[in-house]
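Q: Going down the list, the sequences are from chains A and B. Numbered by UniProt numbering, the letters in the first sequence go through residues 1 to 348 in order. Numbered by UniProt numbering, the letters in the second sequence go through residues 1 to 348 in order. Every residue gets a Cβ at the ideal spot worked out from N, C-alpha and C, and that includes glycine.
Number of protein chains: 2
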Amino acid sequence: MAVISYAQMTARRAGGVGRHFLSQLSLLSQKLPNISLVLISRSTKSLRASHRTTPLSLSTWEKDLEASTSPPLTIEQTLKFLGELPDKRVLVDNTSSQDVADAYPAFLKQGISVVTPNKKAFSSSLRLWHAIVESSYRPYEPYLARGLIYHESSVGAGLPIISTLKDLLHTGDTVHRIEGVFSGTMSFLFNNFAPLEGAGGTWSTQVRKAKDAGFTEPDPRDDLNGVDVARKLVILARIVGLEVESTDSFPVQSLIPKELEGVGSGEEFLERLSEFDGRMDEVRNEAASEGMVVRFVGSVDVRGKKLKVGLERFDKGHPIAGLGGSDNIVSFYTERYGDNPLVVRGAG
Amino acid sequence: MAVISYAQMTARRAGGVGRHFLSQLSLLSQKLPNISLVLISRSTKSLRASHRTTPLSLSTWEKDLEASTSPPLTIEQTLKFLGELPDKRVLVDNTSSQDVADAYPAFLKQGISVVTPNKKAFSSSLRLWHAIVESSYRPYEPYLARGLIYHESSVGAGLPIISTLKDLLHTGDTVHRIEGVFSGTMSFLFNNFAPLEGAGGTWSTQVRKAKDAGFTEPDPRDDLNGVDVARKLVILARIVGLEVESTDSFPVQSLIPKELEGVGSGEEFLERLSEFDGRMDEVRNEAASEGMVVRFVGSVDVRGKKLKVGLERFDKGHPIAGLGGSDNIVSFYTERYGDNPLVVRGAG
Chain A
1 MAVISYAQMT ARRAGGVGRH FLSQLSLLSQ KLPNISLVLI SRSTKSLRAS HRTTPLSLST
61 WEKDLEASTS PPLTIEQTLK FLGELPDKRV LVDNTSSQDV ADAYPAFLKQ GISVVTPNKK
121 AFSSSLRLWH AIVESSYRPY EPYLARGLIY HESSVGAGLP IISTLKDLLH TGDTVHRIEG
181 VFSGTMSFLF NNFAPLEGAG GTWSTQVRKA KDAGFTEPDP RDDLNGVDVA RKLVILARIV
241 GLEVESTDSF PVQSLIPKEL EGVGSGEEFL ERLSEFDGRM DEVRNEAASE GMVVRFVGSV
301 DVRGKKLKVG LERFDKGHPI AGLGGSDNIV SFYTERYGDN PLVVRGAG
Chain B
1 MAVISYAQMT ARRAGGVGRH FLSQLSLLSQ KLPNISLVLI SRSTKSLRAS HRTTPLSLST
61 WEKDLEASTS PPLTIEQTLK FLGELPDKRV LVDNTSSQDV ADAYPAFLKQ GISVVTPNKK
121 AFSSSLRLWH AIVESSYRPY EPYLARGLIY HESSVGAGLP IISTLKDLLH TGDTVHRIEG
181 VFSGTMSFLF NNFAPLEGAG GTWSTQVRKA KDAGFTEPDP RDDLNGVDVA RKLVILARIV
241 GLEVESTDSF PVQSLIPKEL EGVGSGEEFL ERLSEFDGRM DEVRNEAASE GMVVRFVGSV
301 DVRGKKLKVG LERFDKGHPI AGLGGSDNIV SFYTERYGDN PLVVRGAG
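Right, dumping it as structure tokens:
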């Protein structure tokens, strides 16, 4: 088995994904003593194991990093540092940085595996996607000793979406269509705004409530523009084999009123959003008049090579209509599963 | 990466799982030329690669096996044959034989990996379960060079149930409860007998229909006794860490009327089943009078260490009530997922 020996953590904000990752690593390392943490790199500083035999402490890393006066490592320095280590190495990228993502092919070619939730690596330019795939380990050419790449959490957070899709493909199934609710924020908003039973209040109230509950980005427009969902769709579509150039290559419906796109702050946006509640009311009422509810979904039509992100109506009995909380749901329609898709659902 | 070099297939019936496996292997081998088929063993005969450098043909195996006059290999002979081969070896057991299952620990200890849908290996005696776990590869002791064991399809067929459960556990989540519909046959029967809308006909008609559609075992009692579901529950419970002795250690509701248990043939059973339609009508009506539907489910209460298989009532809005066709559904209630479980659903 691979001995995971090195990890880099680059956290944008203290207390974020990076911190959680290190606390999980700390737990895991008690069961798998062969894991050593050798480098933590943040935007402002870094911490490096001084000797190969003395890894960083997983219990005092936070204090140690605080005390460190070393500047952050450049990509080149990180590559050099990891390249000189003899064991199996894993770069854990907890940033959402395009710069780090752009360097994945270089890491992989050096045999350094990459684990990351960073969507940008897989949903920005098609060229980077191909470079990553071509630079990573391939069972056909094991002698190349390339790194493995894992990015399960780039779609559906902890839900087994990417692994399920790859399993279907690797075992010879043909995927016809993927459809789902890919954003916990959008799920929360629409499950509350257009519930199966009862009234849902105004749209702007729901967005405010979602923000207060911590379900949105600091600026809610980063959720409402649909780009996050579009990125996830691009990732799934590319795994299936579609050559999707970018999130601009297909229709992505934004729920930001045109008039508020240029508004300065997220707070100002929220304050003015109620002016446009009428529009969302109309969308909800039109669906309701046909006994349906509206949801924000993404879909990949594999045969038609079409991707789409936006509002759609669903019968109340449809699994997408019946979602609760901030659940994600993804349905895989395949040759093997026929009309009844393989469905994965849960918190995103 | 592991080069899978040897496979044994033991198929009880021609045209069954074993045949499908070999046709999938044939497809896969075009992409992964390092896979060699070296042994096919059936109940009546076997076919063995004569030289290490000349594997069996994946295109003519059926004819070649037909022409073979070699008797089936005993477990000891198989162990010896595979043990002498230098590469990585995989035993694919497509039987439901207890004898083959009992030999897994011996194979694993010799470094031979095992892939199988054979439920008996994991749901019969707790002693065999522990022997399998202890004989297989452990990341803590890689120097033991033990075989890996994969049995995803022993629960939920192609659905990612076991891998999802293991992922939850390996990443530090605590599983509180597992609940679901684990039998495609039971799913089909109850989705039709107690549909969300409309009438469902009599129970005996539905069983007959399921049999005619090929959804039951040759003798439908092998589905209706609940043992198949109980076996799957035992597997999941043991993975979570519960020491479940056997399928006799917890309540398993059988849908076979006591009066028909001793009836000779499955056909005779089917003919007489209508005499007992009143009982199932009552079950359905009682649920309906409260606006609910009845389903055949299994559940593992991890904290309470309780397993249960049988009929339960569900609100019409519950995901289990809304199943279609012969779909399976499994919900994982965990610390991380809180009240909204992680759900996997699809054809079983």
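Can you find the residues in the same chain that come closer than 7 Å, C-beta to C-beta, to L311 (chain B), ignoring five residues on each side of it along the sequence?
A: Walking along the second sequence from the start, residue 311 (chain B) turns up at place 311. So the list reads Q253, V283, V294, F296, once near-sequence residues are dropped.
Q: Please check if any C-beta of chain A sits within less than 9 Å of the C-beta of D339 (chain B).
A: Sequence index remark: in the second sequence, residue 339 (chain B) carries index 339 (1-based). It does: the Cβ of D339 (chain B) has a partner Cβ on chain A nearer than 9 Å.
Q: Looking at the secondary structure, which residues open and close the alpha helix (DSSP H) in which N192 (chain B) lies?
A: Taking the second sequence and counting its residues from 1, the one referred to as residue 192 (chain B) is at position 192. Element bounds for N192 (chain B): 184–193.
Q: Quick one: residues in its chain with C-beta nearer than 8 Å to the C-beta of L126 (chain B), no 5 flanking neighbours on either side, listed in chain order?
A: Here residue 126 (chain B) corresponds to residue number 126 of the second sequence, with the count starting at 1. Here the set comprises R238, E243, V244, E245, S246.
Q: For P319 (chain A), would you say it is in contact with chain B, using Cβ-to-Cβ distances shorter than 9 Å as the test?
A: Within the first sequence, numbered from 1, the residue matching residue 319 (chain A) stands at position 319. Cβ-Cβ to chain B under 9 Å: yes for P319 (chain A).
Q: Name the residue from A:D219, A:E197, A:A199, A:G198 whose alpha carbon lies nearest to the alpha carbon of residue 349 (chain A).
A: Past the boundaries of the shown model lies residue 349 (chain A); chain A is included only from 1 to 348, so the question cannot be answered.
Q: Skipping 5 residues on each side, what residues in its chain have a beta carbon closer than 8 Å to that of A287 (chain B)?
A: Mapped onto the second sequence, residue 287 (chain B) falls at position 287. Taken in chain order, the residues that qualify are A194, V293, V294, R313.
Q: Using a Cβ distance threshold of 8 Å, determine whether the region 173–187 of chain B contacts the region 296–309 of chain B, with at least three qualifying pairs required.
A: In short, these stretches touch, since the Cβ pair count reaches three.
Q: Quick check: the Cα distance between P139 (chain A) and L32 (chain B), rounded to an integer number of angstroms?
A: Numbered from its first residue, the first sequence carries residue 139 (chain A) at position 139. Numbered from its first residue, the second sequence carries residue 32 (chain B) at position 32. In a straight line, the C-alpha of P139 (chain A) is about 7 Å away from that of L32 (chain B).
Q: Are the C-beta of T185 (chain A) and some C-beta of chain B separated by less than 9 Å?
A: Position 185 of the first sequence, counted from the start, is the residue given in the question as residue 185 (chain A). Taking Cβ atoms only, chain B never reaches closer than 9 Å to T185 (chain A), which makes this a no.
Q: Along chain B, in chain order, which residues have C-beta atoms closer than 7 Å to that of L342 (chain A)?
A: In the first sequence, counting from the first residue as 1, residue 342 (chain A) sits at position 342. Ordered by position in chain B, the residues that pass the 7 Å Cβ test against L342 (chain A) are L159, G346.
Q: Give me the residue from A:H151, A:P72, A:H130, A:L159 with the minimum Cα distance to V90 (chain A).
A: Along the first sequence, read from residue 1 onward, the residue named residue 90 (chain A) stands at position 90. The option with the nearest alpha carbon to V90 (chain A) is A:H151.
Q: Compare the C-alpha of L39 (chain B) against each of B:Q30, B:S50, B:S29 and name the closest.
A: Here residue 39 (chain B) refers to the residue found at position 39 when the second sequence is read from its first residue. Nearest of B:Q30, B:S50, B:S29 to L39 (chain B), Cα basis: B:S50.
Q: Tell me the rounded alpha-carbon separation between N186 (chain B) and L224 (chain B).
A: The residue you call residue 186 (chain B) lines up with position 186 of the second sequence. The residue you call residue 224 (chain B) lines up with position 224 of the second sequence. Residue identity differs from the one stated: residue 186 (chain B) is Met in this sequence, not Asn. Each residue's Cα considered, the two are about 8 Å apart.
Q: K308 (chain B) CB to nearest chain A CB: under 9 Å?
A: Translated into the one-based positions of the second sequence, residue 308 (chain B) becomes position 308. No, its Cβ sits nowhere closer than 9 Å to a Cβ of chain A.
Q: Which whole runs of the alpha helix (DSSP H) in the region 117–170 of chain B are 4 residues long or more, in chain order?
A: Segments of the alpha helix (DSSP H) lying fully in the region 117–170 of chain B: 120–123, 126–135, 162–170.
Q: Can you give, in chain order, each stretch of the alpha helix (DSSP H) that sits fully within the region 31–98 of chain B and has at least 4 residues?
A: Fully enclosed alpha helix (DSSP H) runs of 4 or longer: 61–67, 75–83.
Q: If we cut at 9 Å on Cβ distances, does K31 (chain A) have a partner in chain B?
A: Here residue 31 (chain A) is taken as the residue at index 31 of the first sequence, counted from 1. It does: the Cβ of K31 (chain A) has a partner Cβ on chain B nearer than 9 Å.
Q: S29 (chain A) to T54 (chain A), Cα distance in whole Å?
A: As a working mapping, residue 29 (chain A) is identified with position 29 in the first sequence. As a working mapping, residue 54 (chain A) is identified with position 54 in the first sequence. Looking at the two C-alpha atoms, the distance is approximately 15 Å.
Q: Can you have a look at Y337 (chain A) and say buried or exposed, based on whether 16 or more other CB atoms are within 10 angstroms of its CB?
A: Counting from one through the first sequence, the residue named residue 337 (chain A) turns up at place 337. It counts as buried.
Q: Is the region 328–335 of chain A touching the region 158–165 of chain A, taking contact as three or more C-beta pairs under 8 Å?
A: The region 328–335 of chain A vs the region 158–165 of chain A: in contact.
Q: Let's see if you can read the secondary structure: which residues bound the alpha helix (DSSP H) around I239 (chain A)?
A: The count along the first sequence starts at 1 and reaches residue 239 (chain A) at position 239. Counting along the chain, the alpha helix (DSSP H) containing I239 (chain A) begins and ends at 227–240.
Q: Please state if the CB of L47 (chain B) and the CB of S70 (chain B) are separated by a distance shorter than 9 Å.
A: Taking the second sequence and counting its residues from 1, the one referred to as residue 70 (chain B) is at position 70. Taking the second sequence and counting its residues from 1, the one referred to as residue 47 (chain B) is at position 47. Contact: yes.
Q: For E275 (chain A), name the three-state secondary structure that DSSP assigns.
A: Mapped onto the first sequence, residue 275 (chain A) falls at position 275. Correct three-state label for E275 (chain A): helix.
Q: According to DSSP, residue 351 (chain A) sits in a beta bridge with which residue or residues?
A: Since the first residue of chain A shown is 1 and the last is 348, residue 351 (chain A) is not available in this structure.
Q: Rounded to whole angstroms, what's the CA-CA distance from R221 (chain A) to G214 (chain A)? Just pull it up for me.
A: Translated into positions along the first sequence, residue 221 (chain A) becomes position 221. Translated into positions along the first sequence, residue 214 (chain A) becomes position 214. So the alpha carbons of these two residues sit roughly 14 Å apart.
Q: Could you list the residues in the region 133–166 of chain A with a C-beta less than 8 Å from some C-beta on chain B, going in chain order?
A: Those residues of the region 133–166 of chain A that come within reach of chain B (Cβ to Cβ, closer than 8 Å) are Y137, P139, Y140, P142, G158, L159, P160, S163, T164.
Q: Does R336 (chain A) get closer than 9 Å to chain B when you measure Cβ to Cβ?
A: Here residue 336 (chain A) corresponds to residue number 336 of the first sequence, with the count starting at 1. Yes, contact with chain B.
Q: Flag G324 (chain B) as yes if its beta-carbon sits less than 9 Å from any beta-carbon of chain A, otherwise no.
A: Stepping through the second sequence from its first residue, residue 324 (chain B) is reached at position 324. Yes - at least one Cβ of chain A is within 9 Å of the one on G324 (chain B).
Q: When the Cα atoms are used, what is the spatial distance from A347 (chain B) to H170 (chain B)?
A: One-based indexing of the second sequence puts residue 347 (chain B) at position 347. One-based indexing of the second sequence puts residue 170 (chain B) at position 170. For A347 (chain B) and H170 (chain B), the distance between alpha carbons rounds to 26 Å.
Q: Does chain B have any CB closer than 9 Å to the CB of D327 (chain A)?
A: In the first sequence, residue 327 (chain A) corresponds to position 327, counting from 1. Closer than 9 Å to some Cβ of chain B, the Cβ of D327 (chain A) qualifies, so yes.
Q: Hey, how far is the Cα of L196 (chain B) from the Cα of K316 (chain A)?
A: Position 196 of the second sequence, counted from the first residue, corresponds to residue 196 (chain B). Position 316 of the first sequence, counted from the first residue, corresponds to residue 316 (chain A). Roughly 13 Å separates the two Cα atoms.
Q: Look at A121 (chain B) and A106 (chain B) and say whether their C-beta atoms are less than 9 Å apart.
A: Residue mapping note: residue 121 (chain B) aligns to position 121 of the second sequence, counting from 1. Residue mapping note: residue 106 (chain B) aligns to position 106 of the second sequence, counting from 1. No, Cβ-Cβ distance for A121 (chain B) and A106 (chain B) is not below 9 Å.
Q: Can you round the beta-carbon distance between L58 (chain A) and L108 (chain A) to whole angstroms, since I take them to be within the 8 Å contact cut?
A: For the purposes of this step, residue 58 (chain A) is taken as the residue at position 58 of the first sequence. For the purposes of this step, residue 108 (chain A) is taken as the residue at position 108 of the first sequence. L58 (chain A) to L108 (chain A), Cβ: 25 Å. No contact.
Q: I178 (chain B) bridges to which residues according to DSSP?
A: Sequence index remark: in the second sequence, residue 178 (chain B) carries index 178 (1-based). BP columns for I178 (chain B) point to B:V300, B:F332.
Q: For L224 (chain A), does the three-state DSSP call read helix, strand or coil?
A: Counting from one through the first sequence, the residue named residue 224 (chain A) turns up at place 224. Looking at L224 (chain A) - three-state DSSP - the assignment turns out to be helix.
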